[in-house]
Amino acid sequence: MTDHNSPTSVGIVTPQVAHFDEPLPLSNGGQLDQYQLVYETYGQLNADKSNTVLICHALSGHHHAAGFHSADDKRPGWWDHYIGPKKPIDTNKFHVIALNNLGGCHGSTGPNTINPATGKLWGSDFPVLRVRDWVNSQAKLLDKLGIDKLAAVVGGSLGGMQAMRWTLEYPERVGACVLVASAMKLSSQNIAFNNIARSAISRDPEWHDGHFYHVDSKPRTGLSLARKIAHVTYLSDDVMGERFGRELKRGNFTLGTHNDYEFQVESYLNHQGESFAETFDANTYMLMTRALDYFDLAREYGDDPALAFSHATCPFLVISFSTDWRFSPERSREIVQALLAAGRPVTFADIESSYGHDAFLLPNQRYEALFRGFMDNVAKSLGRNA
Amino acid sequence: MRVDHEIIRGWVAPNSRVLDLGCGDGSLMQLLSGDGHTCVGLEISPDNIQACVEKGLSVIEQDLDLGLANFADKSMNMVVMTQTLQAVHYPDKVLLELLRVGREGVVAFPNFANWRCRYYLGFRGRMPVSKFMPYSWYDTPNIHFCTVLDFEQLCRDLGITIVERVVVNQEGDSNWLTESLPNLLGTTAIYKIKK
Numbered sequence: 032m033t034d035h036n037s038p039t040s041v042g043i044v045t046p047q048v049a050h051f052d053e054p055l056p057l058s059n060g061g062q063l064d065q066y067q068l069v070y071e072t073y074g075q076l077n078a079d080k081s082n083t084v085l086i087c088h089a090l091s092g093h094h095h096a097a098g099f100h101s102a103d104d105k106r107p108g109w110w111d112h113y114i115g116p117k118k119p120i121d122t123n124k125f126h127v128i129a130l131n132n133l134g135g136c137h138g139s140t141g142p143n144t145i146n147p148a149t150g151k152l153w154g155s156d157f158p159v160l161r162v163r164d165w166v167n168s169q170a171k172l173l174d175k176l177g178i179d180k181l182a183a184v185v186g187g188s189l190g191g192m193q194a195m196r197w198t199l200e201y202p203e204r205v206g207a208c209v210l211v212a213s214a215m216k217l218s219s220q221n222i223a224f225n226n227i228a229r230s231a232i233s234r235d236p237e238w239h240d241g242h243f244y245h246v247d248s249k250p251r252t253g254l255s256l257a258r259k260i261a262h263v264t265y266l267s268d269d270v271m272g273e274r275f276g277r278e279l280k281r282g283n284f285t286l287g288t289h290n291d292y293e294f295q296v297e298s299y300l301n302h303q304g305e306s307f308a309e310t311f312d313a314n315t316y317m318l319m320t321r322a323l324d325y326f327d328l329a330r331e332y333g334d335d336p337a338l339a340f341s342h343a344t345c346p347f348l349v350i351s352f353s354t355d356w357r358f359s360p361e362r363s364r365e366i367v368q369a370l371l372a373a374g375r376p377v378t379f380a381d382i383e384s385s386y387g388h389d390a391f392l393l394p395n396q397r398y399e400a401l402f403r404g405f406m407d408n409v410a411k412s413l414g415r416n417a
Numbered sequence: 282m283r284v285d286h287e288i289i290r291g292w293v294a295p296n297s298r299v300l301d302l303g304c305g306d307g308s309l310m311q312l313l314s315g316d317g318h319t320c321v322g323l324e325i326s327p328d329n330i331q332a333c334v335e336k337g338l339s340v341i342e343q344d345l346d347l348g349l350a351n352f353a354d355k356s357m358n359m360v361v362m363t364q365t366l367q368a369v370h371y372p373d374k375v376l377l378e379l380l381r382v383g384r385e386g387v388v389a390f391p392n393f394a395n396w397r398c399r400y401y402l403g404f405r406g407r408m409p410v411s412k413f414m415p416y417s418w419y420d421t422p423n424i425h426f427c428t429v430l431d432f433e434q435l436c437r438d439l440g441i442t443i444v445e446r447v448v449v450n451q452e453g454d455s456n457w458l459t460e461s462l463p464n465l466l467g468t469t470a471i472y473k474i475k476k
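These protein sequence lines map, in sequence, to chains A and B.
Under the numbering used here, the residues of the first sequence are numbered 32 to 417, in order.
Under the numbering used here, the residues of the second sequence are numbered 282 to 476, in order.
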């Protein structure tokens, strides 16, 4: 386990906040008059400001991607395995920006922040967002930091959707793109899972149509159930078998114990759901799953993914995991096929892992080596251009 | 430099899009990229894929036995396949796929009718093992060995045109002897083909 003193940790990091007073036009036709984005940076920005890597987070992610917030902090950021000195995204070479997306619940403007028009919390009145709105707001953050071009944009899952959109919307600002366990659009099955999760939240009596803050409540039961459903889809049958099998938490197989959670796997899921419900916002969950559902990379390009990627100019690294059934290797192969048809340089690997979709967050020797190999070449190309 | 790579290099038209089937550690792609060609390789070995990535090359993890459905017809100027034909399940189907995707193709393979192989089999009564074919019969990726004559017969059967042929001996040389007795003296046969 790494701590903040480890030579491969970025150490103790402090979130920063960027305020924007210029309105942000949104995909739904409206705009956000003002907003703020909370972000962290790791590593040093070089003299010509060419070494920035932008990390786009997934559904439940945020700006704290690496390092620790204090010396007592038990757990590092969510992608600490992959960001740090000598790690695949090597902070000795790169300047890394990780932010909390708009609509998030970790400090950026979102449903749990004040709507300046009413003086009350936004709740479910927060504007509907699409992936491109996040990408546009991320571009505004780079403008504010004086960064014209990214060395790379990197994202897993929903983060990969943002990274792909970056390469189409701002091709001149992207040097390379890494897509991990992502997809050009969700399958019907995937939308169905998101629907079940949203139903769990909206049917919780504490939901109050998304205005639960005003009654000092929280749809914990619904949010917890939503997370439990999603969590099962992020794991594989194999890894659940390895970790929990059919072990009982208590009691015995003859009588059972008439508790809600008799098997180890039930106890684990319950813990996951409950802790998530404490730290995450139900409106953010609704908003982000909707952005996932509606993302369709090629829709505006006549449903032709190759035509979409013909607008991109950078090299791509695409990675999938063998037991991921939520964002299956087939989805990544579709991305690769479109990139090949568009004549873009692309490298693809399907990594053997038993961890399902969650594998993109976890240590894996081959994944790390490939990621590092690709990023090292990104770093070398910066040296050549400088 | 591998002699087959040097020969293939001379057969690729300037500024080509090249697909390398079973690209190994990417040494041929590196050579061709250096010449200004745009290359992408297909490979199934994780170690080889890693080697390609470290060289900064484009490589796709893909099993040739499952076809090339992700590549459009004639989307490549050249599709090359060196020392891989003997390792696929359906060499005939792979050849047809190769020329569906590529305007031209290059295939290099070990010639199983080389006199050393014949000596091994004919006099020692054992399956040949050499520097070029180092595997034991029971543990080898090479499941479809063929000879110069076999390959040329297959090309005729499939309606494939042989544009060029170079056969080299164990020393990597090509001379009047290897050209006059290719099936006996050739260790590696290299063909430029089209359909």
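Idealized CB from N, CA, C, for every residue including glycine.
Along the region 376-389 of chain A, the positions whose C-beta sits under 7 Å from a C-beta of chain B are P376, V377, T378, F379, A380 and D381, read in chain order. Relative to T354/A, the option among V41/A, H88/A, A89/A and D389/A whose CA is nearest is D389/A. When the beta-carbon positions are compared, M192/A and S218/A stay at least 8 Å from each other.
The alpha-carbon of G42/A is positioned some 19 Å away from that of G92/A.
With a 10 Å radius around the Cβ and a threshold of 16 neighbouring Cβ atoms, H342/A comes out exposed.
At least one beta carbon of chain A lies nearer than 8 Å to the beta carbon of V334/B. One finds N408 in chain A with Cβ atoms closer than 7 Å to the Cβ of G337/B, taken in chain order.
Contact between V205/A and L181/A is confirmed by a C-beta separation of about 5 Å, below the 8 Å threshold. Taken in chain order, the members of the region 334-363 of chain B whose beta-carbon sits within less than 7 Å of a beta-carbon on chain A are V334, E335, G337, S339, V340, I341, E342, N351, F352 and A353. Of the residues I232/A, S81/A, Y73/A and E309/A, the one whose Cα lies closest to the Cα of S412/A is S81/A.
N296/B has its alpha-carbon roughly 15 Å from the corresponding atom of R375/A. When the five nearest sequence neighbours on each side are left out, the beta carbons in the same chain lying within less than 8 Å of the beta carbon of K249/A are those of E237, F243, A308 and A313, in order along the chain.
Rounded to whole angstroms, the separation of the alpha carbons of K476/B and V360/B is 12 Å.
Excluding residues up to 5 positions away in sequence, K118, L392, L393, P394 and E399 lie with their Cβ nearer than 8 Å to the Cβ of H112/A in the same chain.
For N358/B, the enclosing beta strand (DSSP E) has its first and last residue at M357 to T363.
The alpha-carbon of G241/A is positioned some 36 Å away from that of F352/A. In this structure, the beta-carbon distance from V127/A to T45/A does not fall below 8 Å. If the five residues before and after T315/A are omitted, its C-beta is found closer than 8 Å to the C-beta atoms of G134, G135, C136, G141, P142 and N143, all from its own chain and listed in chain order. The criterion of a C-beta distance shorter than 8 Å is not satisfied by D64/A and P56/A. The residues V321, in chain order, have a CB closer than 6 Å to that of S339/B in the same chain once the five nearest residues on each side in sequence are set aside. Given a length threshold of 4 residues, each whole run of the alpha helix (DSSP H) inside the region 357-385 of chain A is given here in chain order: 360-372.
Residue contact with chain A for Q311/B: absent (no Cβ-Cβ distance below 8 Å to any residue of chain A).
Membership of Y316/A in any beta strand (DSSP E) is not indicated; the residue belongs instead to the alpha helix (DSSP H) covering A313 to Y325. A contact between stretches requires three or more CB pairs, one per stretch, nearer than 8 Å, and the region 388-397 of chain B meets this requirement with the region 422-431 of chain B. Contacts with chain B at 8 Å (Cβ-Cβ) include R364/A.
Of the residues Q311/B, C398/B and G406/B, the one whose Cα lies closest to the Cα of G337/B is Q311/B. If you check each beta-carbon in the region 290-317 of chain B against every beta-carbon of chain A, the ones closer than 8 Å belong to R298.
By the beta-carbon neighbour count (other beta carbons within 10 angstroms, threshold 16), K175/A is exposed.
The beta-bridge partner set that DSSP reports for C87/A consists of G186/A. Taken through DSSP and simplified to helix, strand or coil, V382/B comes out as helix. Rounded to the nearest angstrom, the gap between the Cα atoms of R384/B and S356/B is 8 Å. For chain B, the residues of the region 392-408 of chain A that bring a beta carbon within less than 8 Å of one of its beta carbons are R397, A400, L401, G404, F405, D407 and N408, in chain order.
Among the bridge pairs identified by DSSP, A49/A is matched with L68/A.
DSSP places R204/A outside any alpha helix (DSSP H), giving it a letter other than H or E.
Three or more beta-carbon pairs separated by less than 8 Å link the region 329-340 of chain A to the region 363-374 of chain A, which places the two stretches in contact.
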